[in-house]
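Undergrad: FYI, full-length UniProt numbering numbers position 273 of the sequence shown as 273, with every residue one higher than the one before it. Cβ atoms here follow ideal geometry from the backbone N, Cα and C, with glycine treated the same way. Since this is a predicted model, take the numbers as computed values, not measurements.
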Amino acid sequence: MDNPSFTITTYNAYAFFDAVDDGTEFDGFFHSDGYDGEAYFTRVKETAILLGKYYSDSDVIILEEIESSSVLADLLEAGLKEKGFLYYGLADDGLGILSVGFISKHEPLDARTHAVGDSRPFLELTFSIGEEVVHVFGVHFTSRLDGGENERYEEALYLKELMENTSGIAIAAGDFNTDPRLCEESIAVFPEGYGKTAMFVTGDPSETSDGIYFFPLLDPDLEMVEKGTYCYENEWFIYDGIFLSSEAWDGEGIEYDSVSFSPPRVMKDRTGKPLKYDVSLGYGYSDHFPLSVTVK
């Protein structure tokens with residue numbers, strides 16, 4: 001009997017504040033700016049339609065930049081329950097904190113959080129797929145706005161430790177705020193920076209090992225139409241990723257199957273860049289594109 005497939009999607013939903021004006025929102029996202037209850041629920045509806053139409057094959061969707069669990073609950077009520085998404089959770093439900101959350105068709109066997117200092121907590125979700133256990137880590141590394149190199153290095157070190165201490169396949173999904181191709185000290189393409197880099201990724205499955213993870217977007221045989229997952233000042237970056245441990249290639253049980261990186265046209269502006277949500281116009285989605293990986 002074939003193993004059941006399991007698809008993970010990561011999507012930075014861009015400053016998805018809820019309908020409550022706590023006073024801790026970003027500039028431009030207060031009720032006085034037009035981001036009131038009506039604008040919020042319109043955004044929820046449009047996002048639910050987007051995910052339901054283009055990403056409903058996902059078993060779990062990791063969502064970054066979510067203010068509160070009410071956003072996730074509202075997404076489910078706006079139509080995603082009908083697509084099979086019944087479970088949700090948030091790493092940190094504190095006021096004014098944009099956190100990592102998830103919606104899922106499967107109830108996790110376990111859900112916990114991990115944190116490095118004052119950095120955003122990671123999510124760790126454990127799922128039973130067939131006769132195997134899959135660990136999914138939802139992450140959002142420290143922003144690049146104020147540098148953050150040391151913080152991202154520590155986050156990568158800790159994530160590697162967590163992934164290496166699991167049994168079965170470990171998968172990290174999220175916004176790493178690092179393009180591995182730049183070979184920074186937090187994450188680099190193996191073997192660049194060997195000995196000083198926190199964790200490595202590769203597009204060659206034969207190179208996967210402890211601390212070296214398979215990243216499908218680096219596969220030289222992949223015909224990638226998009227230039228990246230994020231665009232800043234007309235320069236494209238691959239900040240969003242899904243990394244898989246070597247167990248996804250060990251020839252036993254659940255294995256890596258495929259990657260999907262084809263954001264729909266509705267998520268793009270006229271130049272092909274991500275169509276970021278605009279409060280003043282009341283439409284748009286995010287400044288990041290989603291990415292999906294399937295194991296089976």
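#1: Where are the beta strand (DSSP E) runs, 3 residues long or more, that stay fully inside the stretch 204-238, in chain order?
#2: Quick one: residues in its chain with C-beta nearer than 8 Å to the C-beta of G130, no 5 flanking neighbours on either side, listed in chain order?
#3: Taking the beta carbon of F41 as the centre, do at least 16 other beta carbons fall within 10 Å, making it buried, or is it exposed?
#4: Taking only beta-carbon atoms, is D92 less than 8 Å away from chain D?
#5: Quick one, which of V279, T142, H135, T178 has its alpha-carbon nearest R120's?
#6: Say whether the stretch 184-195 touches the stretch 108-120, bearing in mind that this needs 3 or more beta-carbon pairs closer than 8 Å, one atom from each stretch.
#7: Determine whether the beta carbon atoms of G193 and P220 lie at a separation below 8 Å.
#8: Pick out whichever of K45, P274, V60, V279 has its Cα sitting closest to the Cα of G28.
#9: Less than 8 Å between the beta carbons of F243 and V201, yes or no?
#10: According to DSSP, what are the bridge partners of E64?
#11: Could you give the uninterrupted runs of the beta strand (DSSP E) lying entirely in the stretch 94-133, keeping only those of 3 residues or more?
#12: Starting from the C-beta of Y35, find all residues in its chain whose C-beta is less than 8 Å away, skip the five residues before and the five after it, and write them out in chain order.
#13: Taking all protein chains shown into account, do 16 or more other C-beta atoms lie within 10 angstroms of the C-beta of G101, making it buried, or fewer, making it exposed?
#14: In this structure, how does DSSP classify L80 when only helix, strand and coil are distinguished?
#15: So for D33, helix, strand or coil by DSSP?
#16: Starting from A198, trace the alpha helix (DSSP H) in both directions and tell me its first and last residue.
TA: Per the coordinate set shown:
#1: Here the runs fully enclosed are 212-214, 230-232, 235-237.
#2: Excluding sequence neighbours, G130 sits near N3, P4, G253, I254.
#3: In this structure F41 is exposed. Its beta-carbon is surrounded by fewer than 16 other beta-carbon atoms within 10 angstroms.
#4: Looking for chain D here will not work: only one protein chain is present.
#5: When only C-alpha atoms are compared, the closest one is T142.
#6: Three or more beta-carbon pairs separated by less than 8 Å are not found between the stretch 184-195 and the stretch 108-120, which leaves the two stretches without contact.
#7: No. Outside cutoff.
#8: Among K45, P274, V60, V279, the Cα nearest to that of G28 is on V279.
#9: Taking 8 Å as the cut-off, the beta carbon of F243 is found closer than this to the beta carbon of V201.
#10: In DSSP, E64 forms a bridge with N12.
#11: Counting only runs of 3 or more residues that sit fully inside the stretch 94-133, the beta strand (DSSP E) segments are 99-104, 110-114, 122-129, in chain order.
#12: For Y35, where only same-chain residues beyond five positions count, the Cβ hits under 8 Å are F17, E25, G28, F29, V279.
#13: G101 comes out buried.
#14: Helix, per DSSP.
#15: DSSP places D33 in the helix class (H, G or I) of the three-state scheme.
#16: It is not in any alpha helix (DSSP H) - A198 carries neither H nor E in the DSSP assignment.
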